[in-house]
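Asker:
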Amino acid sequence: MIGFEMVFDCHIHLSEYPDDRLRRYARLNGFFYTLEELLSSMDKEGVSGGLLLSPLLEDGSAVPNTHILKLCERSGGRLSPVLTVEPSREWVEDCVETFTKNRGLVKAFKIRLGYVRVKPVNQVFSRIYDLAEEHGVPVMFHTGDTATERGSLEYSHPLLLDELAVSRPELKIVVCHFGNPWIMDAAEVAYKNPNVYLDISGLFTGGGEYRDKYVEWLSNRVSEAIYFMGSAGRVLFGSDYPVESLSEAVRFARSLKVSPGDIERIMWLNSKEVFGFG
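Take 1 as the starting number for the sequence shown in UniProt numbering and just add one per residue.
Printed below as a string of C-alpha cells:
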C-alpha cells in the first residue's frame, strides 16, 4: 500500500462477458479478470474506490450499462458506474432513463471516440451534455490509440474536444489516456480550457524489449505536459485495468516528476473534486 491518504482509480474495466476484448489484456498480464481479483488488488494497492466503465466487445460494441451497474452493486460500494453513451437516439434515451433512476450513483458518462466514428460536437449527444451540465457530472472521452485495428484515429484525436470545451464551458470533460500518443496536444486542450481534465490510464501494457524504456519515456512526457500546463490540478489517476495492473499504474503515477502535493492531487484529490465522491 502506498503512503497517501487515499487512491481513487477513475478508469477501470471489467465484465463477465466471454467475448470481452479486454480479456486478451487480462491474459497478457496474468489476470483472472474477476470482480474478486479486482477488489483484492484494490485492497493491496490501497485503492479505496474506482469508476467502472464498459469494456469493448470483440464485435466493437460496448458491454451493456446494465451489466456494469450490477457489477458495481456487487462491489459493496467500492465501484461506481460510468454510463457508456453510443451515438443513437435509443441509446441516449436509455442512458437518460438509467441516470435518472440511479441519480447519485452514476458518476460520469463515457463516449468512445475512435470506436464510434462521430465527433464529440454532434447533436446526438446534446441531451447527454445538457444532463451532465445540469447535474455537474463529467463526460469522459476515449482518446488516442484504440484497442482494435478497426478503431479510427481520425475520430480519437484529443484536439476534437477543444470545440466542445469552448462551446460548453460548464461541461466537465475528461480526456482519457492523456490523448496518447498526442500527449502534448491533450495538454494544450486542458491548458486552454479550464473545464478539461486528463486521466493517465492505459498508457502501457504487456512486455517487449523496450517496455521499460517506453514507460520511462511516458513518465517524462506526462511530467513535461504537466510542466506545460503549469499544474497537475486537472490530472486524474486511472489504471485502465486490465490493460494495466493497479500496481503498475500506481508505480507509474508515483514516478511522475512533480511535487508530493501534486502526486496526492493526481491520486485522489482531483477525482474527488471532479466526480464528487466521498
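C-beta atoms are modelled at their ideal positions from N, C-alpha and C, and glycine is treated no differently. Just so you know, these numbers come straight off a predicted model, no measurement behind them.
Helix, strand or coil, according to DSSP, for Y227 in the structure here?
Answerer: Walking along the sequence shown from the start, residue 227 turns up at place 227. Helix.
Asker: Please classify R103 as buried or exposed, where buried requires at least 16 neighbouring CB atoms within 10 angstroms.
Answerer: By one-based count along the sequence shown, residue 103 stands at place 103. Result: exposed.
Asker: Pull up the distance between the alpha-carbon of E16 and that of P87, whole angstroms please.
Answerer: Locating residue 16 in the sequence shown gives position 16, where the first residue counts as 1. Locating residue 87 in the sequence shown gives position 87, where the first residue counts as 1. Each residue's Cα considered, the two are about 24 Å apart.
Asker: Could you pull the DSSP bridge partners for K110 from this structure?
Answerer: As a position in the sequence shown, residue 110 is number 110, starting the count at 1. Paired residue(s): T84 and M140.
Asker: Indicate whether the contact test is met: 3 or more Cβ pairs, each with one atom in the stretch 63-74 and one in the stretch 90-110, closer than 8 Å.
Answerer: Cβ pair count under 8 Å is three or more, so yes.
Asker: Taking the beta carbon of D20 as the centre, do at least 16 other beta carbons fall within 10 Å, making it buried, or is it exposed?
Answerer: The residue given as residue 20 occupies position 20 in the sequence shown. That one is buried.
Asker: Which two residues bound the contiguous alpha helix (DSSP H) that contains L35?
Answerer: Looking up residue 35 in the sequence shown gives position 35. Per DSSP, L35 belongs to the alpha helix (DSSP H) from L35 to E45.
Asker: Report all residues from its chain with a CB closer than 7 Å to the CB of E37; omit the five preceding and five following residues, and keep chain order.
Answerer: Residue 37 sits at position 37 when you count from the first residue of the sequence shown. These residues qualify, in order along the chain: F31.
Asker: Would Y33 count as contacting chain B if we go by Cβ distances under 8 Å?
Answerer: The displayed structure is made up of one protein chain only, and chain B is not part of it.
Asker: Please report the distance separating the alpha-carbon of L53 from that of H11.
Answerer: Sequence index remark: in the sequence shown, residue 53 carries index 53 (1-based). Sequence index remark: in the sequence shown, residue 11 carries index 11 (1-based). Straight-line Cα distance between these residues: approximately 7 Å.
Asker: What's the call for F228, buried or exposed, on a 16-neighbour Cβ count within 10 Å?
Answerer: Along the sequence shown, read from residue 1 onward, the residue named residue 228 stands at position 228. Its Cβ having fewer than 16 others within 10 Å, F228 is exposed.
Asker: Please say whether L113 and H142 have beta carbons closer to each other than 8 Å?
Answerer: Counted from its first residue, the sequence shown places residue 142 at position 142. Counted from its first residue, the sequence shown places residue 113 at position 113. Their beta carbons are under 8 Å apart, which means H142 touches L113 by this criterion.
Asker: Compare the beta carbon distance of F178 and D199 with 8 Å and say whether it is the shorter of the two.
Answerer: The residue given as residue 178 occupies position 178 in the sequence shown. The residue given as residue 199 occupies position 199 in the sequence shown. Result yes, Cβ atoms of F178 and D199 sit closer than 8 Å.
Asker: Just verifying my parser: in three-state terms, what is the DSSP assignment at A190?
Answerer: Here residue 190 refers to the residue found at position 190 when the sequence shown is read from its first residue. Correct three-state label for A190: helix.
Asker: Does the Cβ-Cβ distance between P242 and A26 come in under 8 Å?
Answerer: The residue labelled residue 242 in the question sits at position 242 within the sequence shown. The residue labelled residue 26 in the question sits at position 26 within the sequence shown. Yes.
Asker: When we look at the beta-carbon of K110 and count the other beta-carbons within 10 Å, is it buried (16 or more) or exposed?
Answerer: In the sequence shown, residue 110 corresponds to position 110, counting from 1. It is buried - the Cβ of K110 has at least 16 other Cβ atoms within 10 Å.
Asker: Just reading off the beta strand (DSSP E) that L161 is part of, what are its end residues?
Answerer: Counting from 1 along the sequence shown, the entry for residue 161 is found at position 161. Element bounds for L161: not the beta strand (DSSP E) but the alpha helix (DSSP H), L160 to S167.
Asker: At the level of alpha carbons, what is the spacing between L56 and G206?
Answerer: In the sequence shown, counting from the first residue as 1, residue 56 sits at position 56. In the sequence shown, counting from the first residue as 1, residue 206 sits at position 206. Roughly 18 Å between the two C-alpha positions.
Asker: With a threshold of 8 Å, are at least 3 pairs of Cβ atoms found where one atom belongs to the stretch 141-158 and the other to the stretch 114-122?
Answerer: At 8 Å Cβ cutoff, the stretches touch.
Asker: Can you give me the Cβ contacts of G240 inside the same chain, cut-off strictly under 6 Å, excluding the 5 residues immediately before and after it?
Answerer: Here residue 240 refers to the residue found at position 240 of the sequence shown. Gly is not the amino acid found at residue 240; the sequence shown has Asp there. Correct list, in chain order: H11, S201 and G202.
Asker: Give the range of the beta strand (DSSP E) segment to which V7 is assigned.
Answerer: To locate residue 7, count along the sequence shown from 1; it is residue 7. Unbroken beta strand (DSSP E) run through V7: V7 to H13.
Asker: When we look at the beta-carbon of Y210 and count the other beta-carbons within 10 Å, is it buried (16 or more) or exposed?
Answerer: Position 210 of the sequence shown, counted from the start, is the residue given in the question as residue 210. Under this definition Y210 is an exposed residue.
Asker: Going by beta-carbon coordinates alone, are A186 and P169 separated by less than 8 Å?
Answerer: On the sequence shown, position 186 is the one that residue 186 refers to. On the sequence shown, position 169 is the one that residue 169 refers to. Not in contact: A186 and P169 (Cβ atoms no closer than 8 Å).
Asker: For the alpha helix (DSSP H) that contains D199, what are its first and last residues?
Answerer: Reading the sequence shown from its first residue, position 199 is the one you call residue 199. Premise fails: D199 lies in the beta strand (DSSP E), V196 to D199, not in any alpha helix (DSSP H).
Asker: Quick one: what does DSSP say D145 is sitting in, helix, strand or coil?
Answerer: Within the sequence shown, the letter at position 145 stands for residue 145. In this structure, D145 counts as coil in the three-state DSSP scheme.
Asker: Is S239 helix, strand or coil when you go by DSSP?
Answerer: Here residue 239 refers to the residue found at position 239 of the sequence shown. Looking at S239 - three-state DSSP - the assignment turns out to be coil, as it is neither helix nor strand.
Asker: Taking I68 as part of the alpha helix (DSSP H), name the residues at either end of that continuous run.
Answerer: Counting from one through the sequence shown, the residue named residue 68 turns up at place 68. Its alpha helix (DSSP H) spans residues N65 to R74.
Asker: Run through DSSP, which three-state label would D19 get?
Answerer: On the sequence shown, residue 19 is found 19 positions in, with the first residue counted as 1. Coil at D19, not helix or strand.
Asker: In the DSSP assignment, what residue or residues form a beta bridge with A232?
Answerer: As a working note, residue 232 is residue 232 in the sequence shown. None; A232 has no bridge partner.
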